[in-house]
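Heads up: the structure comes next, in structure tokens.
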Amino acid sequence: SDDALVIFTPSGKRGRFPLGTPVLQAARSLGVDLDSVCGGRGICSKCQITPGYGEFPKFGIHVDDEALSEWNSVEERYKSKRGMIDGRRLGCQAKVMGNVVIDVPPESQVHKQVIRKSATAREITMDPATRLLFIEVAEPDMHEPTGDFERVQRALAEQWQVDAVVADLAVLRRLQPVLRKGEWKITVALHRGNHDTAHRILDLWPGYHDGGLYGLAIDLGSTTIAAHLCDLRDGHVLASSGVMNPQIRFGEDLMSRVSYAMMNPGGDQEMTAAVRTSINGLVQAIATEAGVDPASIYEVVFVCNPVMHHLLLGIDPVELGQAPFALATSGSLALPAREMELTAVNSAAQVYVLPCIAGHVGADAAAVALAEAPDKSEDMVLIVDVGTNAEILLGNKERVLACSSPTGPAFEGAQISSGQRAAPGAIERVEINVATKEPRFRVIGSDLWSDDPGFAEATANSGITGICGSGIIEAVAEMRLAGILDGSGLIGSAEQVGTERCRPEGRTNSYLMFDGSATGGPVITVTQGDIRAIQLAKSALYAGARLLMDEMNIDHVDRVVLAGAFGAHISPKHAMILGMIPDAPLDKVASAGNAAGTGARIALCNRAARDAIEATVHEIHKVETAIEPRFQEHFVNASAIPNAVDPFPHLAA
Ligand code: FES
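The following block contains the structure:
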């Protein structure tokens, strides 16, 4: 017959093709994942395949030696120049001549990136907005007067089925020398955002270019700025890095930064300049760390809360400081990086900012929703991104609600007498013996407990410097369990509790966690003021979650996800003892790490994910905590540990 059966592994996709069909073309028409950058010209070698010969009982076929066309000169040239594993062929050169089984090795698959989530792993298909394409452009002809760019457009249309291509003047100015140097063969970096009708050429090179193509996913938080540098060809994260948000010097929390902008003319611009400078520095640092030229970064995706969002974009955030908390825009944004003065990346780089959910619930919450997909969940999930402003999502595939709650910076160790940020030397785990009321603890940077032999040596470098957010949560919860605190959050006296660690301090008591004064170290105590600060923060968090549960008309959730860098370190048990989160089976409380950063990476790697989150955000129902009287009620009840009215059946168990 004049056609043959082609079976691809590992996908198992199969079809009949006329003899002479290139394997790459067969793969494409079946939707088999086989890479190609040069469009089948035998240059990129991305299309390598391994044909199988002999009997295939599983498929009921025999593949004879002539199943593919003979090894050709293009393959020969490639193999002698760059080498190729024996048995491999170039899919664009080998033609189907008989029934054949063709294996696509992992390196030749358009990569899928597995992103780990709390409970499940998720596969992201790479479909970034920017890709490299090799083209052969027709030479100019006296008889057919067209411009070089018009012939580039035609080549892209004919060779890559890409129509509507535009280019900035900076690219047009380089076009002619590049075309001539490459002898009419060039590689272009082509960008199309999820809302663009046209493709835009961001960069071009003579001949076949296999240089880097990178993107950044940036989670711009009020305290820290975290960035992931990703390879846009396969989604790999090459480096992750973070810096403090320099806006801290204008105000610790969001509202104090908004008031700084209100009180100081030009204050918003100062904060915008500070954060942009810092992002440029971070880009340099992360590129150096990964050994990548920052000019090969073509895409930047941002997620951030609404105030950071406005300040990043250079929009005065004053409206976010007062009801009705109107955003300048809640939609996603796509713009050139240079408009945001991101000068460290390629001058043609493009920025995508995820949409905001509401005036208090930002693009960071949208990114969490993208990463954790509550809108696809069968069970009712509560997702809490713990920060100075907690962003809370509740829902399942039927309906998703969102709110934010002003927890303040206590969970980050601020406003706590011995509080500090999570850094080596900070107490992060605490246990208190119920009988003796004696504490033992662990500090960041060592796996040993304070009563383990070798602890002093292990912590000699960092010292014991203070308590970080997860440490204070455990300390307060353990104090409650040991009876040092009563249900209202009051620290008992030495006589009441039966330990000299409880000491009077003014009119209240404090609990001594660590006394390093003998060796010139700090005295670390948990004061009544610390307890109050934690009570305020946890009440705000809990009240927000309960308000959403009211709105959803439910009295319990199936599972809880703690998101955010800080969420990753919280012990679920202690969070529940405190009544920070609603009651749930303990094994159903999971941490999702930096879910906002993960969401940013997904949006960086996959254009369709941008459409998806924009649609999801549209469907999420926002609940405004500030105007809900029930929020106040829940807040007051949540001041008790764990709660004045709500039962916590899973704590008793
Ligand atoms: Fe580029 Fe085959 S597709 S070498």
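The UniProt record's numbering applies: residue 2 is where the sequence shown begins, and numbers increase by one. A virtual CB, placed ideally from N, CA and C, is assigned to each residue, including glycine.
Segment limits, beta strand (DSSP E) that includes Ile316: Per DSSP, Ile316 belongs to no beta strand (DSSP E) and is neither H nor E.
Please report the straight-line C-alpha distance between Ser540 and Met480, rounded to a whole angstrom. 18 Å
In angstroms, rounded to a whole number, what distance separates the CA positions of Ala519 and Ala459? 19 Å
Heavy atom of the ligand FES within 7 Å of Lys47 beta-carbon: yes
Would you check if the distance between the CB atom of Ile136 and the CB atom of Val189 is smaller than 8 Å? yes
Ranges of the beta strand (DSSP E) found wholly within the stretch 496-541, counting only runs of at least 3: 503-506, 509-516 and 524-527
Ile136 CB to nearest heavy atom of the ligand FES below 7 Å: no
Would you check if the stretch 298-306 and the stretch 601-611 touch, i.e. whether three or more CB-CB distances between them fall below 8 Å? yes
What does Gly594 pair with, by DSSP beta-bridge criteria? Answer by DSSP bridge pairing, in chain order: Ala564.
I want to check one thing, is the minimum distance from the CB of Val38 to the heavy atoms of the ligand FES below 7 Å? yes
Please confirm whether any heavy atom of the ligand FES lies closer than 7 Å to the CB of Leu133. no
Range covered by the alpha helix (DSSP H) that runs through Met264: Leu255 to Met264
From what residue to what residue does the beta strand (DSSP E) around Phe303 run? From DSSP, the beta strand (DSSP E) with Phe303 extends over Ile298 to Cys305.
Out of curiosity, what's the CA-to-CA distance linking Gln270 and Ala338? 17 Å
With a threshold of 16 other CB atoms inside 10 Å of the CB of Trp72, please say whether the residue is buried or exposed. Per the 10 Å Cβ criterion, exposed.
Thr188 by DSSP, collapsed to three states: which one? strand
Same chain, Cβ closer than 8 Å to Leu482, five either side skipped, listed in chain order: Ile433, Val435 and Ile578
Specify, as a first and last residue, the run of the alpha helix (DSSP H) that Glu634 falls within. Pro630 to Asn638
Whole angstroms are fine: how far does the CA of Asn607 sit from the CA of Leu313? 23 Å
Nearest candidate by alpha-carbon position, reference Gly360, set Gly388, Asn510, Asp380 and Met309: Met309
Any idea if Asn265 is buried or exposed, counting beta-carbon neighbours within 10 angstroms, 16 or more meaning buried? exposed
Consult DSSP for residue 659 and reduce its assignment to one of helix, strand or coil. Since the displayed the chain opens at 2 and closes at 654, residue 659 lies outside it and no answer follows.
Which of helix, strand or coil does DSSP assign to Asp386? strand
Assign Val524 to one of two classes, buried (16 or more other C-beta atoms within 10 Å of its C-beta) or exposed (fewer than that). exposed
For the beta strand (DSSP E) containing Thr10, list its first residue and its last residue. Asp4 to Thr10
Just to confirm before moving on: does the CB-CB distance between Gly372 and Ala130 stay below 8 Å? Just to set this straight, residue 372 is Ala in the shown sequence, not Gly. No.
Rounded distance between the beta-carbons of Cys48 and Leu35, thought under 8 Å: 6 Å
Same chain, Cβ closer than 6 Å to Ser463, neighbours up to 5 away in sequence not counted: Pro425, Gly426 and Gly446
Between which two residues does the alpha helix (DSSP H) containing Tyr79 stretch? Ser74 to Arg83
Looking at Ala370 and residue 719, is the spacing between their C-beta atoms short of 8 Å? Lying outside 2 to 654, the shown extent of the chain, residue 719 is not represented and no answer is given.
Would you check whether the ligand FES has a heavy atom nearer than 7 Å to the C-beta of Leu214? At a cut-off of 7 Å, the beta-carbon of Leu214 does not count as near the ligand FES: no heavy atom of the ligand is closer than that.
Measure the beta-carbon distance from Ile219 to Ile280 and round it to whole angstroms, keeping in mind my assumption that it falls under 8 Å. 7 Å
Thr224 and Met245 closer than 8 Å at C-beta: For the pair Thr224 and Met245, the CB atoms are nearer than the 8 Å cut-off.
Can you give the Cα-Cα distance for Ala423 and Ala476, rounded to whole angstroms? Spanning the two alpha carbons is a distance of roughly 15 Å.
Measuring CB to CB, does Gly32 end up less than 8 Å from Leu91? no
Please return the same chain residues whose Cβ sits closer than 7 Å to the Cβ of Glu67, not counting the five positions on each side in sequence. Met98 and Gly99
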